[in-house]
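Visitor: All the letters of the sequence shown, read from the start, carry residue numbers 1 to 155 under UniProt numbering.
Built from N, CA and C at the ideal position, the CB exists for glycine as well.
Pasting a structure here, questions to come.
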Amino acid sequence: MVHQAQGQMVQEVAAGSLPAPPSRYVLREEDRPTGGVAAPVLAFPTVDLQRLAEPGDVEEAAKLRSALESWGLFAIMSNGIFRSPVHRVVTNAEKERLSVALFYSIDPEREIQPAGKLIDENHPALYKKVKIKEYIAGLYEHFSQGKMVIETAKI
Numbered sequence: 001m002v003h004q005a006q007g008q009m010v011q012e013v014a015a016g017s018l019p020a021p022p023s024r025y026v027l028r029e030e031d032r033p034t035g036g037v038a039a040p041v042l043a044f045p046t047v048d049l050q051r052l053a054e055p056g057d058v059e060e061a062a063k064l065r066s067a068l069e070s071w072g073l074f075a076i077m078s079n080g081i082f083r084s085p086v087h088r089v090v091t092n093a094e095k096e097r098l099s100v101a102l103f104y105s106i107d108p109e110r111e112i113q114p115a116g117k118l119i120d121e122n123h124p125a126l127y128k129k130v131k132i133k134e135y136i137a138g139l140y141e142h143f144s145q146g147k148m149v150i151e152t153a154k155i
């Protein structure tokens, strides 16, 4: 839980429309923790939302797509039909738009599973039912080992 004063400071920084966050909120690349020599590290992309908002920033859009695919929740609920909720949308011929479907603050006690309408005798379930809190806990455990947690949900 965030201390109330810290929460207010973060809100003030966010509301201040600063071009960059104060240095005390930024961890330099060389100071970031590493996975160690023995454990393979799965590179989890850091997405710059300001760059993502710029038209034509393909690199940042690819990072976002990779991050969403890495979590795997979308693949479970769509029974593997859709790997990512990220897609390009053409709203007019001059400006490209990127749409993203996100799940915000999912109840940790809730279970996710492939949607029933996507399963039949020709399309069996590819993923088992899994509790959100167990899946999220698995993300951290598998991430440190360089593995994808979605593999544990496959039938």
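1. If you follow the alpha helix (DSSP H) that GLY138 is part of, which residue opens it and which one closes it?
2. Give me the Cα-Cα distance between GLU121 and SER78, rounded to the nearest whole angstrom.
3. Rounded to a whole number of angstroms, what is the C-alpha to C-alpha distance between ARG110 and ALA137?
4. Measure how close the beta-carbons of ALA153 and VAL130 come, nearest whole angstrom, since I'm counting them as under 8 Å.
5. For ASP48, I'd like the list of residues in its chain whose CB is within less than 7 Å of its CB, leaving aside the five on either flank, ordered along the chain.
6. Can you tell me whether GLU111 is helix, strand or coil according to DSSP?
7. How many Å lie between TYR127 and ARG65 at the Cα?
8. Return no unless some Cβ of chain B is closer than 8 Å to the Cβ of LEU126.
9. Can you tell which of ILE132, LYS133 and VAL149 has its C-alpha closest to the C-alpha of LEU139?
10. Could you give the DSSP three-state label for LYS128: helix, strand or coil?
11. For ILE76, is the classification buried or exposed, using 16 other Cβ atoms within 10 angstroms of its Cβ as the cut-off for buried?
12. Taking the beta carbon of ILE112 as the centre, do at least 16 other beta carbons fall within 10 Å, making it buried, or is it exposed?
Guide: The structure says:
1. 132-144 is the span of the alpha helix (DSSP H), which, as asked, contains GLY138.
2. Taking the straight line joining both Cα atoms gives about 16 Å.
3. C-alpha separation (whole angstroms): 14 Å.
4. Going by Cβ atoms, the distance from ALA153 to VAL130 rounds to 5 Å, so yes, they are a contact pair.
5. Only residues of its own chain outside the window of five on either side were considered, and among them GLU60 have a CB closer than 7 Å to the CB of ASP48, listed in chain order.
6. Looking at GLU111 - three-state DSSP - the assignment turns out to be strand.
7. So the two alpha carbons sit approximately 21 Å from each other.
8. Looking for chain B here will not work: only one protein chain is present.
9. Looking only at ILE132, LYS133 and VAL149, the smallest Cα-Cα distance to LEU139 is reached by VAL149.
10. Note: LYS128 maps to coil in three-state DSSP.
11. Label assigned to ILE76: buried.
12. ILE112 counts as buried, since no fewer than 16 other beta carbons sit within 10 angstroms of its beta carbon.
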